[in-house]
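Chains as they are written, first to last, in the numbering used here: chain U, 1 to 151; chain H, 152 to 302. Heads up, the thing below is written out as structure tokens.
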DNA sequence: GTTAAATAAGACTAAAAAAGTCTGGTTTGT
DNA sequence: ACAAACCAGACTTTTTTAGTCTTATTTAAC
């Protein structure tokens, strides 16, 4: 129950990887797939979607790759989800412009479901991608500040 | 994205219907299906699950039916979801006792995902079924921001 | 210029999950 | 005895998700 799309997972994996790079340094899909074992095509398409939505920038051709364009602190998980899989709706009949269900007028839970939908949207809106990706950095810290001193 | 299980929908439909009855009055599956056009078998099994989890009581035989047993104010949406579809986990590898994914050690987002999972669980825990079913008994205004003000 | 490495994008296929149906029970009031 | 209702598992269909294939296009390096 409540699985997130693999697309969102690939997006998070890629963003976390890219976040750890020097500013301006490009990342290739190949690099990500080798590092985490994810599907090339699938990951590739997710990155392309993020480019289209202005979250990433891409350099084509040899020596090309991807770059984070926006400040991840200002990108919510809702933004990311909408970028790669589309708008959130807990039931079909709440999709804007989509088909009506066959219950239509007699449905007794449409209002509660619309309410729930709104709550969920607000929930995801309240989580920043940057914050989420920073969770538990202590445990697997790549660039720990205090590492500079000793050890 | 983020569709709720039909099972949860049927559960909500049924509970809302039963909630409006006199105390002690039984409800049959047939009655619910006729009223809202949902599948008999599917609805039936959802109600049976709620009986097993102690949320409903059933009277078998002719003149039988279902009855709400617990106070819906004290039943969270999380409880309901877990009853009818099982525990929430945003990715497979967070299912307790389930398989590991093939990324295992190299996965860079397991901590963020575990964090997200916990947030979602808490989110659903914070919504009472009773409250949700009471939303907008007047009229449904799907995405109107000022809807909660109270017309 | 040619080539190799990279992104871009759509169509197609396979796998998994969800939803629904069928069958055969059991219980109980009339 | 019978009909109306719950109970429960197996099965099938449909839908969604995930992955693959193919064919561009761009650009650095040789």
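The C-beta atom is built at its ideal place from N, Cα and C for all residues, glycine as well. These numbers come from a predicted model, not from an experiment.
8 Å Cβ cutoff, residue i in contact with chain H
{"i": "residue 132(U)", "result": "yes"}
{"i": "residue 33(U)", "result": "no"}
{"i": "residue 46(U)", "result": "no"}
{"i": "residue 53(U)", "result": "no"}
{"i": "residue 88(U)", "result": "yes"}
{"i": "residue 83(U)", "result": "no"}
{"i": "residue 76(U)", "result": "no"}
{"i": "residue 80(U)", "result": "no"}
{"i": "residue 68(U)", "result": "no"}
{"i": "residue 9(U)", "result": "yes"}
{"i": "residue 12(U)", "result": "yes"}
{"i": "residue 18(U)", "result": "no"}
{"i": "residue 136(U)", "result": "yes"}
Residue i versus residue j: straight-line alpha-carbon distance, rounded
{"i": "residue 151(U)", "j": "residue 20(U)", "result": "Because the pLDDT of residue 151(U) is 35, which lies under 50, any placement of that residue in the model is unreliable, and the question is left without a value."}
{"i": "residue 70(U)", "j": "residue 15(U)", "result": "11 Å"}
{"i": "residue 265(H)", "j": "residue 215(H)", "result": "44 Å"}
{"i": "residue 153(U)", "j": "residue 72(U)", "result": "With chain U covering 1 to 151 only, the question about residue 153(U) has no answer from this structure."}
{"i": "residue 110(U)", "j": "residue 187(H)", "result": "12 Å"}
{"i": "residue 9(U)", "j": "residue 26(U)", "result": "20 Å"}
{"i": "residue 132(U)", "j": "residue 202(H)", "result": "38 Å"}
{"i": "residue 183(H)", "j": "residue 106(U)", "result": "11 Å"}
{"i": "residue 274(H)", "j": "residue 246(H)", "result": "18 Å"}
{"i": "residue 68(U)", "j": "residue 17(U)", "result": "11 Å"}
{"i": "residue 241(H)", "j": "residue 174(H)", "result": "38 Å"}
{"i": "residue 119(U)", "j": "residue 62(U)", "result": "45 Å"}
{"i": "residue 49(U)", "j": "residue 237(H)", "result": "33 Å"}
{"i": "residue 263(H)", "j": "residue 66(U)", "result": "22 Å"}
{"i": "residue 268(H)", "j": "residue 39(U)", "result": "24 Å"}
{"i": "residue 292(H)", "j": "residue 286(H)", "result": "Low per-residue confidence applies at residue 292(H): pLDDT is 43, beneath 50, and the placement is therefore not dependable, though the value from the model is reported in the following sentence. Those two C-alpha atoms are separated by around 10 Å."}
{"i": "residue 157(H)", "j": "residue 53(U)", "result": "32 Å"}
{"i": "residue 92(U)", "j": "residue 243(H)", "result": "25 Å"}
{"i": "residue 82(U)", "j": "residue 233(H)", "result": "26 Å"}
Residue i CB to nearest heavy atom of the ligand COA below 7 Å
{"i": "residue 228(H)", "result": "What this structure holds is no ligand at all, so the ligand COA is not there to describe."}
Beta-carbon separation (whole angstroms), residue i vs residue j, contact threshold 8 Å
{"i": "residue 153(H)", "j": "residue 88(U)", "result": "5 Å"}
{"i": "residue 185(H)", "j": "residue 229(H)", "result": "The Cβ separation is near 30 Å, so there is no contact."}
{"i": "residue 11(U)", "j": "residue 84(U)", "result": "5 Å"}
{"i": "residue 13(U)", "j": "residue 259(H)", "result": "6 Å"}
{"i": "residue 129(U)", "j": "residue 80(U)", "result": "6 Å"}
Closer than 8 Å to chain U by CB, residue i
{"i": "residue 276(H)", "result": "no"}
{"i": "residue 263(H)", "result": "yes"}
{"i": "residue 181(H)", "result": "no"}
{"i": "residue 177(H)", "result": "no"}
{"i": "residue 258(H)", "result": "yes"}
{"i": "residue 188(H)", "result": "yes"}
{"i": "residue 266(H)", "result": "yes"}
{"i": "residue 154(H)", "result": "yes"}
key: Meets three-Cβ-pair contact criterion under 8 Å: the stretch 185-196 of chain H and the stretch 209-229 of chain H   = no
query = Hey, which unbroken runs of the alpha helix (DSSP H) at 4 residues or more fall wholly within the stretch 174-262 of chain H?
reply = 180-187, 191-203 and 228-235
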